[in-house]
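First comes the structure, then the notes that go with it.
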Amino acid sequence: MSLLNVPAGKDLPEDIYVVIEIPANADPIKYEVDKESGALFVDRFMSTAMFYPCNYGYINHTLSLDGDPVDVLVPTPYPLQPGSRDPLPSGWRSEDDRRIW
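The sequence shown lines up with residues 1 to 101 when you count with UniProt numbering.
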């Protein structure tokens, strides 16, 4: 399936899907989803010592001020694989399963 076909969520705004481009603590490689094919490609190798402290991705079918989909940082206990989809990108659930923003 093309990553371009991933919906923004199942039950917005409660259930948002984030397409992961860069896993947490990954090597300094910037990945991008190609807007024509929907495949994940290496965009560039970053020459800085920077790394992403959280999984980095975007919400499909949204538009931010820079003209790209809305960027999202996804904190998880373990890195997520590029191209995977996370259904709970921002916020955490409390013990009684309510979302905490």
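The beta carbon of each residue, even a glycine, is placed where N, CA and C say it ideally should be.
Excluding the 5 residues flanking it on each side, Pro82 has same chain C-beta neighbours closer than 8 Å at Ile20, Glu21, Ile22, Pro23, Tyr31 and Leu40, in chain order. Annotation: the continuous beta strand (DSSP E) that includes Asp11 extends over Gly9 to Asp11. Annotated three-state conformation of Leu40 is strand, per DSSP. Per the coordinates, the alpha-carbon of Asn60 lies some 5 Å from the alpha-carbon of Ala8. In the structure shown, the three-state DSSP call for Asn55 is strand.
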